[in-house]
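Please read the structure below before turning to the comments.
Numbering (the working numbering), first residue to last: 12 to 401.
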C-alpha cells in the first residue's frame, strides 16, 4: 500500500483558495496526492509539485496523467528547484507537534517538527527567493501550530499576510493565509539583497540579517510608526566616521530610512564574560577601554557604555566590535571610558570577575576614573588598566 497523505478537511479548505488564486507559474510544496497541483493546473500555465516522498510523487503522476503543464519533482522543500520563480506557491504542510509514539511514515505526513511550526520556519526562510515580486503564497496551519508563532514567522520573514479562510473542529481550528512580500522586502530585493530576516526590534529601529554581494549584512531600519526624522542617516554618518578610526562594523550603504553594515558573528559582552577565561577577559576589556579612549579623544559620546549589555560584540578571535550608535553625538565632555568604568564597578560585574581571579579595588578604580575625567591622557588610561589587575 502506498502511504501518502490522503485529502482531508485541511486539503479541501485550501483547495477552495487554489481555485481562486492559481495563475501563471505555480509551485505546490509537499504535493502529496497531487490534488492541489492538479487543480492549479486547470488555470495555470505551468505547475511544479514537489515532495520528499517518492511514492507520493508516483501516485500524483498517475493522477495527473494527460496534463502537459504539470511536473512532479523529488525535493525537500525548494532544494531541487535551482533559481525558478513562481507567481503562486501553495503549502499545506505537516503542522502538528511531534509525538514520540508516531510511526515514522506518519510523522513525515502530519508532524511539522517538535513544536509543529519548524517546517514553516524552514519554508519561509527560503520562500521569497522562489517567489516573483508580486507573487502570492497560500499556506495552511492550525491552532495546534500556535497562531502567534506563525504570525511571528511571517513578520520575521518580512511578509504581509491576511486570513482567507477558517474552519473549526472539536480539537482544532484550521486557517488558510495569503502571504505576500512587503514593500520593504521588494525594495531590498531590487537592490540584490536576499535572505532577509528580522532578528531584533528596538525602541526606534528594526534589525534584519540578510545576504548582499556574497556577504552577510545587517540592515537597521526605522520603525514605520516612528516619527523621528533623520535618525538612520545620522547613525550611518557616525558609523562612517568611526570606521576610519577602527571602531564599529564595516559600513556598507544608506538609504532614506535604513542603512547596512557587515554582520558580526559573536557574543554580547555579558555572556562572553560569564564563559571566558581570565586571560581572554583581560584582553577584551583592555580593547574596549582602548576604543572608549579613541572615542573620548575624538570628542564623540557613544552613550550606553555604563550598561553595554547589547552594545559590544566579541567574536571567536576576540575581536571587539561596538554596535548601535543611535545616540552618538559630538560633545566637549565625552564620557565613554568613565561610563565603562561605572559598568566594571557594578557589584555583579565585580563578583563575576573576581571568580576569574581579578582582584581590583573598586574605590581605587573610581579614583583613577576621576583623574582620567580631569585629564584624558593615555597615561591615565594605563593607570586604570593597572588598577583592574592590581
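Positions of the beta carbon are idealized from the N, C-alpha and C atoms, including for glycine.
Owing to the predicted nature of the structure, the values given are computational and were not obtained by experimental measurement.
Asked, Found
"Going by beta carbon distance, what residues of the same chain come within less than 6 Å of residue 369, once the five residues before and after it are set aside?", "none"
"Comparing C-alpha positions only, which one of 179, 46, 316 sits nearest to residue 154?", "179"
"Look up residue 12 in the DSSP assignment and say whether it is helix, strand or coil.", "Residue placement at residue 12 is flagged as unreliable, the pLDDT there being 45, under the threshold of 50; a coordinate-derived value is accordingly withheld."
"Between residue 275 and the rest of its own chain, which residues show a CB-CB distance below 6 Å, the 5 nearest in sequence each way excluded?", "260, 324, 332"
"In the stretch 39-75, which residue ranges form an unbroken beta strand (DSSP E) of at least 3 residues, counting only runs that do not cross its ends?", "57-62"
"Are there three or more Cβ pairs, one per stretch, closer than 8 Å when the stretch 278-287 is compared with the stretch 300-307?", "no"
"If you count every other CB in all the chains shown that lies within 10 Å of the CB of residue 346, and 16 or more means buried, which is it?", "buried"
"Can you say whether residue 306 is buried or exposed, counting buried as having 16 or more other CB atoms within 10 angstroms of its CB?", "buried"
"What are the boundary residues of the beta strand (DSSP E) that residue 264 is part of?", "262-265"
"Here's the rule I'm using: 16 or more other beta-carbon atoms within 10 Å means buried, otherwise exposed. How should residue 101 be labelled?", "buried"
"Taking Cβ positions, are residue 185 and residue 47 nearer each other than 8 Å?", "no"
"Could you give the DSSP three-state label for residue 379: helix, strand or coil?", "helix"
"What span of residues does the beta strand (DSSP E) with residue 173 cover, start to end?", "170-179"
"Can you give the beta carbon distance from residue 373 to residue 361, rounded, assuming they're within the 8 Å contact cut?", "6 Å"
"Nearest by alpha-carbon distance to residue 322: which of 334, 329, 193 is it?", "334"
"Can you name the start and end residues of the alpha helix (DSSP H) that residue 232 belongs to?", "Premise fails: residue 232 lies in the beta strand (DSSP E), 226-233, not in any alpha helix (DSSP H)."
"Here's a check: name, in chain order, each residue in its chain whose Cβ is nearer than 6 Å to the Cβ of residue 168, leaving out the five neighbours to either side.", "135"
"Does the beta-carbon of residue 62 have 16 or more other beta-carbons within 10 angstroms, so that it is buried, or is it exposed?", "buried"
"I think residue 230 touches residue 269, with their Cβ atoms under 8 Å apart; what is that distance to the nearest whole Å?", "6 Å"
"Using only the alpha-carbon positions, how far apart do residue 285 and residue 294 sit?", "15 Å"
"Let's test the definition: count the other Cβ atoms within 10 Å of the Cβ of residue 117 and tell me whether it reaches 16, buried, or not, exposed.", "Residue placement at residue 117 cannot be trusted, given a pLDDT of 48 that sits under 50; the coordinates are not used to answer."
"Rounded to whole angstroms, what's the CA-CA distance from residue 387 to residue 266? Just pull it up for me.", "36 Å"
"Could you name each continuous beta strand (DSSP E) segment of 3 residues or more that falls completely within the stretch 132-217, going from the start of the chain to the end?", "142-153, 170-179, 184-192, 205-212"
"Between which two residues does the alpha helix (DSSP H) harbouring residue 396 extend?", "389-399"
"Just how far apart, CA to CA, sit residue 207 and residue 397?", "45 Å"
"Examine the Cβ distances between the stretch 74-88 and the stretch 50-60 and report whether three or more of them are shorter than 8 Å.", "yes"
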